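Asker:
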Amino acid sequence: MSANSANDTPQVPCTYLRTLVATVEQGQRDVDEFLASEGLSREALATRDYVPADLFGRLYKRGMRLLDNEALGMVSARPVPTGTFRLMCLSMISCQTIGEIMDRADEFFDVFDVACIKPVAVPEGDAVRVTFGTPRRRDVAETQRVLANSEPVVIRTSLYYWYNLLGWFAGRALSLRNVDFAFPEGPGGYDWRTLYNAPVVFDAETSGLVMPRRVLSLPNVQSEQTLAEFLQETPYRLVVPSFVPPTLQDRLRALFAQMPGDTPPTSEEIASRVGMSVSTLRRKLSAEGVSWQSLKEEGRRTAALRFVADTDLPIAEISRLLGFEEASTFFRAFRRWTGTTPTRYRASVSNGEPVDD
């Protein structure tokens, strides 16, 4: 069976599923029942080269629930309780850049020592290596033992997980110079190169993702809203070989919420943040059925509601912060957005009355 069926349904190597099944069996769960939930059997599994990616994702989530382990199939000295991933992402969502997200991950695994191992970003000249590090209360020898006892596919899955998670925060597939593995190439080497779409080096000194150092400066384009949607789909999106970036308008909404300043960002500033020209930005937004001006207006409205409801700033100051030349212009815009004045809106919020957001 080829990697892609006639209808182009995404497929994954069956070795991934066999490894998952072995993990479920080690957890003393009924493997036959586990496979039967998707109409599979041990015999059928033994003869297949690939399985549909969505089937693997469903079984992965089922296995995670059965074993109460969010590190299922990844490098970890012990099971990671359900809910850990959500807490980690919530701790990261306010970070401004990918570098800050890596720093927060470092801190998270130091405080919540759930896996006896953590991801770290190690600068190497103009590159950065995302690899495995040692939590604060552990020693390096223990980390090395955990890695030595991990199967190659487990290390591959862990790095792919972090590659996809960081890519989700950036809203794009991250540039890879190469992916290193500190073990010999096995029969799945070709699949691994296809998976990462980058050179894969086996028998390397350490396992890790090697990326241009500028990746650390990429902005986090996600928000609490997009995170809520993302959490409903993980870990499927992180361990299955597919990447579905958010729409450009979603990325811009998140950037509007994060960018400080006394005036709304210009199209030139936003285009620079997402790595494209202004003309390309406008063309892609048009293809999504929205305009730059409508998104800018939406961002200004969202900021206005937040300033009025959540701060004690004078209305005239909020008007200036949002780039209105005159307070009267801001009042008219606010009434158009909400049907009331900024002063009445603030009073309603203070009194706990329902308001139209």
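Here the numbering used here = 1-based position in the sequence shown + 1064.
We put the CB at the ideal spot given by N, CA and C, even for glycine.
Here the structure is a predicted model, which is why all the values come from computation and not from measurement.
#1: Run through DSSP, which three-state label would Q1160 get?
#2: Apart from the five residues just before and just after A1169, which ones in its own chain have a Cβ nearer than 6 angstroms to its Cβ?
#3: Once DSSP output is grouped into helix, strand and coil, what is the label at D1376?
#4: Note down the Cα distance separating L1104 from R1317, rounded to an integer number of angstroms.
#5: If you reduce the DSSP assignment to three classes, tell me which class Q1075 lands in.
#6: Using 10 angstroms around the beta-carbon of A1292, count the other beta-carbons present and answer buried if the total reaches 16, otherwise exposed.
#7: What are the start and end residues of the alpha helix (DSSP H) that includes F1395?
#8: Runs of 3 residues minimum, wholly inside the segment 1190-1255: which ones carry the beta strand (DSSP E) assignment?
#9: Can you check whether the CB of V1194 is closer than 9 angstroms to the CB of Y1224?
#10: Just checking my contact of A1282 with I1379 at CB under 8 angstroms: how many whole Å lie between their CB atoms?
#11: What is the C-beta distance between A1367 and W1401, in whole angstroms, given that I count them as a contact (C-beta under 8 angstroms)?
#12: So, for S1239: in the same chain, excluding its five sequence neighbours on each side, which residues have a beta-carbon less than 8 angstroms away from its beta-carbon?
#13: Taking the beta carbon of D1244 as the centre, do at least 16 other beta carbons fall within 10 Å, making it buried, or is it exposed?
#14: Quick one, which of V1342, D1267, N1242, F1233 has its alpha-carbon nearest N1261's?
#15: Within 10 Å of its beta-carbon, does Q1092 have 16 or more other beta-carbons around it, so buried, or fewer, so exposed?
#16: Taking a contact to mean a Cβ-Cβ separation below 9 angstroms, would you say T1079 touches G1137 in this structure?
#17: Measuring only the C-alpha atoms, how far is Y1409 from S1331?
#18: Let's test the definition: count the other Cβ atoms within 10 Å of the Cβ of G1197 and tell me whether it reaches 16, buried, or not, exposed.
#19: To the nearest angstrom, report how far apart T1404 and G1231 are at their CA atoms.
#20: Does the beta-carbon distance from N1284 to M1156 come in below 9 angstroms?
#21: So does the segment 1138-1151 actually touch the segment 1175-1182, counting three or more Cβ pairs closer than 8 angstroms?
#22: Please report the distance separating the alpha-carbon of P1406 from that of T1207.
Answerer: Judging by the given coordinates:
#1: Along the sequence shown, one-based indexing puts residue 1160 at 96. Residue state, collapsed to three classes: coil.
#2: Sequence index remark: in the sequence shown, residue 1169 carries index 105 (1-based). Taken in chain order, the residues that qualify are P1183.
#3: Within the sequence shown, residue 1376 is the residue found at index 312, counting from 1. Coil at D1376, not helix or strand.
#4: Sequence index remark: in the sequence shown, residue 1104 carries index 40 (1-based). Sequence index remark: in the sequence shown, residue 1317 carries index 253 (1-based). Roughly 43 angstroms separates the two Cα atoms.
#5: Taking the sequence shown and counting its residues from 1, the one referred to as residue 1075 is at position 11. Of the three classes helix, strand and coil, the one that applies to Q1075 here is strand, per DSSP.
#6: Position 228 of the sequence shown, counted from the first residue, corresponds to residue 1292. Burial call: exposed.
#7: Locating residue 1395 in the sequence shown gives position 331, where the first residue counts as 1. That run of the alpha helix (DSSP H) goes 1391-1402.
#8: 1191-1197, 1242-1244
#9: Translated into positions along the sequence shown, residue 1224 becomes position 160. Translated into positions along the sequence shown, residue 1194 becomes position 130. No, they are not a contact pair.
#10: Taking the first residue of the sequence shown as 1, we reach residue 1282 at position 218. Taking the first residue of the sequence shown as 1, we reach residue 1379 at position 315. Residue identity check: residue 1282 is Leu in the sequence provided, not Ala. About 36 angstroms; that fails the 8 angstroms criterion.
#11: Counted from its first residue, the sequence shown places residue 1367 at position 303. Counted from its first residue, the sequence shown places residue 1401 at position 337. Contact flag wrong, Cβ pair sits at about 11 angstroms.
#12: Here residue 1239 corresponds to residue number 175 of the sequence shown, with the count starting at 1. Correct list, in chain order: M1275, P1276, V1279.
#13: Along the sequence shown, read from residue 1 onward, the residue named residue 1244 stands at position 180. Label assigned to D1244: buried.
#14: As a working note, residue 1261 is residue 197 in the sequence shown. Here the closest residue by C-alpha is N1242.
#15: The residue you call residue 1092 lines up with position 28 of the sequence shown. Q1092 comes out exposed.
#16: To locate residue 1079, count along the sequence shown from 1; it is residue 15. To locate residue 1137, count along the sequence shown from 1; it is residue 73. No, Cβ-Cβ distance for T1079 and G1137 is not below 9 angstroms.
#17: The residue given as residue 1409 occupies position 345 in the sequence shown. The residue given as residue 1331 occupies position 267 in the sequence shown. Approximately 30 angstroms between the Cα atoms of the pair.
#18: Here the question's residue 1197 lines up with position 133 in the sequence shown. So G1197 counts as buried.
#19: To locate residue 1404, count along the sequence shown from 1; it is residue 340. To locate residue 1231, count along the sequence shown from 1; it is residue 167. Approximately 41 angstroms between the Cα atoms of the pair.
#20: Reading the sequence shown from its first residue, position 220 is the one you call residue 1284. Reading the sequence shown from its first residue, position 92 is the one you call residue 1156. Against a cut-off of 9 angstroms, the Cβ pair of M1156 and N1284 comes out as a contact.
#21: yes
#22: Reading the sequence shown from its first residue, position 342 is the one you call residue 1406. Reading the sequence shown from its first residue, position 143 is the one you call residue 1207. C-alpha separation (whole angstroms): 56 angstroms.
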